[in-house]
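Protein sequences, first through last, are from chains X and U.
Position one of the first sequence corresponds to residue 112 (the numbering used here), numbered consecutively onward.
Position one of the second sequence corresponds to residue -9 (the numbering used here), numbered consecutively onward.
Note that CB positions come from ideal geometry on N, CA and C, so glycine has one too.
Values in this document were obtained by computation on a predicted structure and should not be read as measured data.
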Amino acid sequence: MSEEASTAEAKLPKDVAAEKGLVNVQIDGVWRQVPKGTRMIEACRSFGTIVPHYCYHPKLSSPGNCRMCLVQMGMPPRPTPGQDPTYDEDGYQPIGWMPRPVIACANTVAENMGIRTGGELVENVREGVMEFLLINHPLDCPICDQAGECRLQEHSVGHGRGHSRFVDMKVKKPKNVDIGPRIRLDDERCIMCSRCIRFMDEVAGDPVLGFTQRGTYTTLTVHPGRKLDSNYSLNTADICPVGALTSNDFRFQMRVWFLKETPSIDVNCGTGANITIWTRGETVYRITPRQNDEVNSCWMPDSHRLNFHYIDSDERLTEPLLRDGASHRQSSWPDAIAKVVDALKSHAAEEIAIIGSSRATNEELHLIRKLADQLGTEHLTTVPRIGESDGILIAADRNPNTNGCKLVWRREDPAFRLSAIRDGVREGRIKVLLNFGEDLTAEAGFDVADFEKLDCLVSMLLLAGPTAEASDVVLPGAAFAEKRGSMVNVTGRLQRLNRALEPRGHARDDWEVLRDLSAGVSNVSPFDASQPQLIEDVFRDMASTVSEFDGLNLSKIGDLGLPVTETGVTIPHLEDERARKAAGQIVG
Amino acid sequence: MAVIKVKRPELGAGEKFYLGAIFKGFLVTMKHAIDSLRGKTRGAKDLASSGLGATMQYPEQKWDESMPEYYRGAPALVTDEQDRERCVSCQLCEFICPPKAIKITPGEIPSDDPWAKVEKRPKEFEIDMIRCIYCGMCEEVCPEQAIYLRKDYAITGLDREQMVHDKKRLYEIGGKRVGLVNKWNELK
């Protein structure tokens, strides 16, 4: 102890910090150590002081054009020739405060720097910036979709002056401009932060947005002859701090303060972008990306974000259906399960085939695997869904859980038996086909005529269609927003889905239906002690057989997921982002 | 917190023997009975009572004319001088409503509408008058001066559906209201 004290005494704080690659910064009167090269705004954020800002975004370059993050900065006065620096009793040099504020977003910290995020000067400049920004603001918050999550509203309350001194006419700019298929622009609300312009340039790689005119007439526009039609355009509405860019899909649907946020993951491709599902009652109103720097950064593609309207569409199946002649009749769950169990029991194992889905969760795949083992059938497969990677966030594998299926089923290629099953059905060797969640006439390559040779086609589906039409038993399943479970993405990261809604109508959680089928086959009640009663029970059972999930449970996965296996696959956008971070272009 | 002990008042012998108070009550009743027969009750004139007491013979007689300006009756939507529906469905009243009586379905104003620049108006606006507690929070919170508590108090219906005021009914009750802030004028 005494030895340490004596060495610390000998060393100045700047030398102690420098050894660790840190610098000493005084933030609001308290000396802190932060890594060298940190932006002032991030240094303040890491100690819990949020400097208000509009244009700064850690994943984009920092032009410093909104001037909202102005703070007071000070450095030790430069010594006159021959003068030795003076140190106070703690070993810090006195700070000479600069008379003018600096922007916190684009300046980096330095040794012995002082930052004041409050005080008279800072508060006055913030009030001044707010007054300038509000000069031409149309104040149409009652009709603006951003109201409730608008930075301008928030900072206006926090740092505005409460009334306007501006007596001249406000500048008129285009309102309600159709600049793209999914985005609406209101130029009067724009505060010229240029986040959208930088996003389209730096992340989406399609620089179609820009400013025209000058001064107070500066207008955000799309390049002549072009539209803001990138598959990442809706991210501009997310990062827009005001209501200038809003989503056409969400336009005037619901005010954000009514919506409940559920963290979950996207199931449209193998990336498994982290999302927030925004619901009110039993309706999903929108889906937005959730930051996860190991998966999707802060973004997600529009095609995936908007793919949720089927959840409450007219095609959604909500009742168990049994074939009745040419059409179907509504049935009850016990009857439908009994019908399936009868069909399974009256056929030999080699006459039964199961088509699972890599869109199912690990828990469901585990139960499918157990059902197959129970029946003794070898005919078990998934349906591959390979597209093309877009080089940003969409993975080539359009199944969200191919890696989970590999782990849970212990197979290198879970889909390799698909063609054998298809041939078996066509040749009449397979008599009962259990289909869990796939539209067989689409990617699986079946024709409706193939099903005529089957004794019984059982489909657990979300939507009506040719497969449901051809099925003898239709079991309505739960959509991704209606279930809890886990998936493994292309990089081998275990991530969790959370339930934001109850399943529609009489649809049930898929794992419960699988449990009931399995219990029926083994002639026990689904509520028997041997059967799982909670999704957590299924995970525990699965973790005992899958070594990668050892010691985990659904709660431990957390909202950001955990890496469980090495796949060697990387997400192109993250590589790009890391390169830009390493080059110092972004904070990251 | 300091505890203040309140002492019960000591009752005298006459107060403990409550028969006196009962007779006092009889006398008050008798006084009102005689006053009403003589037509001298309070409110006999201004409340236009029947002359047979202070009681107004509702519903044959109503006190609608003497209702104060600040009376809080049924909430209703109003239109302005140009017959524009003032509500832009910002849903603040739905949010503030303590008994959750208001349900709004927002909608977009089509571009061929003369008021297309307002962009937004309610597609459906329902107030469940079984739930409404006439608190007036909706009127207070409205940024567009579109919802007012009017003087309608006799809200009746034969079933629950009839007690839900839809948009049409709300504009019927509300009617036109002039002299409000003209926010969506030609300068806007």
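| Query | Result |
| --- | --- |
| Quick check on proline 133 (chain U) - is its C-beta less than 7 Å from some C-beta in chain X? | yes |
| Taking Cβ positions only, does proline 683 (chain X) come closer than 7 Å to chain U? | no |
| Secondary structure at threonine 661 (chain X), three-state DSSP: helix, strand or coil? | Looking at the sequence provided, one finds aspartate at residue 661 (chain X) rather than threonine. Aspartate 661 (chain X) falls in the coil class under three-state DSSP. |
| Whole angstroms are fine: how far does the CA of valine 395 (chain X) sit from the CA of valine 145 (chain X)? | 42 Å |
| So, does the stretch 603 to 618 of chain X touch the stretch 372 to 391 of chain X, judging by three or more C-beta pairs under 8 Å? | yes |
| Determine the closest residue to valine 624 (chain X) out of X:Ala581, X:Asp446, X:Asn407, X:Val233, with distance taken between C-alpha atoms. | X:Asp446 |
| Quick test of the definition: if touching needs 3 or more C-beta pairs under 8 Å, does the stretch 161 to 171 of chain U touch the stretch 61 to 75 of chain U? | yes |
| Any idea if phenylalanine 638 (chain X) is buried or exposed, counting beta-carbon neighbours within 10 angstroms, 16 or more meaning buried? | exposed |
| Glycine 207 (chain X) to arginine 300 (chain X), Cα distance in whole Å? | 39 Å |
| For chain U, check one thing: does any of its Cβ atoms lie closer than 7 Å to the Cβ of proline 253 (chain X)? | yes |
| Quick one: what's isoleucine 388 (chain X) bridged to in DSSP? | X:Thr373, X:Ile398 |
| Closest by CA to aspartate 627 (chain X), which one among X:Gln324, X:Trp444, X:Lys131, X:Glu474? | X:Trp444 |
| Check the DSSP bridge columns for serine 438 (chain X) and list the partner residues they point to. | X:Asp435 |
| Can you check whether the C-beta of phenylalanine 363 (chain X) is within less than 7 Å of a C-beta belonging to chain U? | yes |
| Would DSSP call isoleucine 700 (chain X) helix, strand or coil? | With chain X running from 112 to 699 in the structure shown, residue 700 (chain X) is simply not present. |
| At the 7 Å Cβ level, is lysine 52 (chain U) part of the contact set with chain X, yes or no? | no |
| Classify proline 58 (chain U) as buried or exposed, calling it buried when 16 or more other Cβ atoms lie within 10 Å of its own Cβ. | exposed |
| Per the contact definition of three or more C-beta pairs closer than 8 Å, is the stretch 333 to 352 of chain X in contact with the stretch 187 to 199 of chain X? | no |
| Taking the C-alpha atoms as reference points, what is the distance between glycine 269 (chain X) and serine 79 (chain U)? | 26 Å |
| Using three-state DSSP, classify arginine 159 (chain U) as helix, strand or coil. | helix |
| Considering only the beta carbon of each residue, do lysine 170 (chain X) and cysteine 516 (chain X) sit closer than 7 Å? | no |
| Using C-beta distances below 6 Å, list every residue in its chain close to leucine 671 (chain X), excluding the 5 sequence neighbours before and after it, in chain order. | Asn403 |
| Does chain U have any CB closer than 7 Å to the CB of arginine 293 (chain X)? | no |
| Within 10 angstroms of its Cβ, does serine 117 (chain X) collect 16 or more other Cβ (buried), or is it exposed? | The predicted position of serine 117 (chain X) is uncertain, since its pLDDT is 49 and thus under 50; a value taken from the coordinates is nonetheless stated next. With fewer than 16 other Cβ atoms within 10 Å, it is exposed. |
| When burial is assigned at 16 or more other CB atoms within 10 Å of the CB, is alanine 579 (chain X) buried or exposed? | buried |
| Name the residue from X:Pro249, X:Glu222, X:His274, X:Glu260 whose alpha carbon lies nearest to the alpha carbon of glutamate 238 (chain X). | X:His274 |
| Could you list which residues in chain U have their beta carbon closer than 7 Å to that of tryptophan 368 (chain X), in chain order? | Phe85 |
| Under three-state DSSP, which class holds glycine 679 (chain X)? | coil |
| Rounded to whole angstroms, what is the Cα-Cα separation between leucine 432 (chain X) and isoleucine 463 (chain X)? | 21 Å |
| Suppose contacts are defined by Cβ-Cβ distances below 7 Å. Is aspartate 349 (chain X) in contact with threonine 399 (chain X) by that definition? | yes |
| Please report how far the alpha carbon of glycine 383 (chain X) lies from the alpha carbon of threonine 429 (chain X), in whole angstroms. | 27 Å |
| Which residues in the same chain have their Cβ closer than 7 Å to the Cβ of alanine 575 (chain X), if we skip the five residues on either side of it in sequence? | Glu426, Leu428 |
| Using a Cβ-Cβ distance under 7 Å, would lysine -3 (chain U) count as near chain X? | no |
| Buried or exposed for alanine 119 (chain X), going by 16 or more other Cβ atoms inside 10 Å? | For alanine 119 (chain X), the predicted model reports a pLDDT of 48, less than 50, meaning its position is unreliable and no value from the coordinates is stated. |
| Are the C-beta atoms of alanine 119 (chain X) and some chain U residue less than 7 Å apart? | Since pLDDT at alanine 119 (chain X) reaches only 48, below the 50 mark, its modelled position is unreliable, and no value is offered. |
| Would cysteine 80 (chain U) count as contacting chain X if we go by Cβ distances under 7 Å? | yes |
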